[in-house]
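As given, the protein sequences belong to chains A and B, one line each in that order.
The first sequence runs 4 to 105 under the working numbering.
The second sequence runs 4 to 105 under the working numbering.
Okay, structure first, notes after.
There are 2 protein chains.
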Amino acid sequence: MCYNIGSMEDYRKFKQVLKAIAHEAGWDIINAVSQGPTRFTNLERATKVSPRTLSERLKELAELGLIERKAYPEVPPRVEYTLTPLGKELLDSLHKLAKKIG
Amino acid sequence: MCYNIGSMEDYRKFKQVLKAIAHEAGWDIINAVSQGPTRFTNLERATKVSPRTLSERLKELAELGLIERKAYPEVPPRVEYTLTPLGKELLDSLHKLAKKIG
DNA sequence: CAGGATCCCTACGGATACTG
DNA sequence: CAGTATCCGTAGGGATCCTG
């Protein structure tokens with residue numbers, strides 16, 4: 004109940020995660036990825052997000068350790084995105100939160 | 004693990020909540036309010052947020068049912084903001100999430 | 001196929017001044 | 001005191017075209 008105001012800066016990474024997921028596209032993307040290994044084009048169709056934004060969000064989510072990017076050295080190139088354990092845990096918690104809110 | 008893509012739109016309110024809290028100011032505000040009844044000017048100083056933004060965020064958080072606005076008919080006017088039970092629950096959950104992330 | 005580069009636009013948020 | 005009103009700069013994100 005009584006959080007120390009002085010420590011508000013310690014939440015920097017958490018805020019970044021919140022921001023990434025709160026993006027209009029972010030939530031849709033991470034949910035789409037949660038359904039299993041997903042490729043760029045699939046995400047583009049599933050989320051109706053432009054490639055530019057999609058690329059940015061994926062990079063962001065990957066840097067935060069919520070999703071993992073696996074590139075296969077094939078022709079044509081194939082890249083799959085999956086949730087990391089952390090991402091999975093986070094998403095689970097968020098879905099529970101969502102239920103409380105309605 | 005397998006969320007239905009078709010139901011992604013059902014999270015509209017949840018997304019709004021996420022957005023409100025993910026705002027650079029939003030998180031600081033709700034944390035400041037969590038320390039007990041807080042007045043506008045106190046929030047302004049504690050969060051270093053301009054009155055315009057502060058006003059907008061407070062309205063947003065109140066509409067979402069996370070904080071409550073109590074106005075006392077006095078001169079000079081006094082308004083206090085407090086966390087609602089929902090807001091408290093949410094903030095608690097978020098702090099737990101924050102710990103997982105580091 | 002998976003993105004990077006470029007252009008462009010608007011909507012969020014800061015600063016300042018003013019009011020019930 | 002607790003906000004609104006106004007002006008304005010910036011950056012986030014769409015559309016489109018291009019490349020390893």
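A virtual CB, placed ideally from N, CA and C, is assigned to each residue, including glycine.
As the structure is a computational prediction, the values presented were derived from the model and not from experiment.
CB contact flag (residue i, residue j, <8 angstroms)
| i | j | result |
| --- | --- | --- |
| Arg48(A) | Glu83(A) | no |
| Ala35(A) | Lys22(B) | no |
| Leu97(B) | Leu93(A) | no |
| Thr85(A) | Pro40(A) | yes |
| Lys18(B) | Trp30(A) | yes |
| Lys16(A) | Ile104(B) | yes |
Interface flag, residue i vs chain A, CB-CB below 8 angstroms
| i | result |
| --- | --- |
| Val82(B) | no |
| Tyr14(B) | yes |
| Ser53(B) | no |
| Leu46(B) | no |
| Ile70(B) | no |
| Ile32(B) | no |
| Ala25(B) | yes |
| Ala101(B) | yes |
| His73(B) | At residue 73(B) the sequence reads Lys, which differs from the His that was named. It does not: the Cβ of Lys73(B) has no partner Cβ on chain A nearer than 8 angstroms. |
Residue environment, residue i, which counts as buried when at least 16 other CB atoms sit within 10 Å
| i | result |
| --- | --- |
| Thr44(B) | exposed |
| Glu63(B) | buried |
| Ser106(A) | The requested residue 106(A) is not part of the displayed model; chain A covers only 4 to 105. |
| Val78(B) | exposed |
| Tyr14(B) | buried |
Within-8 angstroms CB hit, residue i to chain B
| i | result |
| --- | --- |
| Ser105(A) | Here residue 105(A) turns out to be Gly, not Ser, going by the sequence shown. Yes, Gly105(A) lies at the interface with chain B (some Cβ there is under 8 angstroms from its Cβ). |
| Val78(A) | no |
| Glu66(A) | no |
| Tyr18(A) | Residue 18(A) is actually Lys in this sequence, not Tyr. Cβ-Cβ to chain B under 8 angstroms: yes for Lys18(A). |
| Ser58(A) | no |
| Glu63(A) | no |
Limits of the unbroken beta strand (DSSP E) element including residue i
| i | result |
| --- | --- |
| Thr44(B) | Counting along the chain, Thr44(B) falls outside any beta strand (DSSP E), though it belongs to the alpha helix (DSSP H) covering 43 to 50. |
| Val36(B) | Element bounds for Val36(B): not the beta strand (DSSP E) but the alpha helix (DSSP H), 27 to 36. |
| Leu86(B) | 81 to 86 |
| Tyr75(A) | 70 to 75 |
Assumed close pair residue i, residue j - CB separation to whole angstroms, cut-off 8 angstroms
| i | j | result |
| --- | --- | --- |
| Leu67(B) | Ile33(B) | Wrong, their Cβ atoms sit about 10 angstroms apart, outside the cutoff. |
| Ala28(A) | Arg72(A) | That belief does not hold up - the Cβ atoms of Ala28(A) and Arg72(A) are roughly 17 angstroms apart, past 8 angstroms. |
Range of the contiguous alpha helix (DSSP H) that encloses residue i
| i | result |
| --- | --- |
| Glu59(B) | 54 to 66 |
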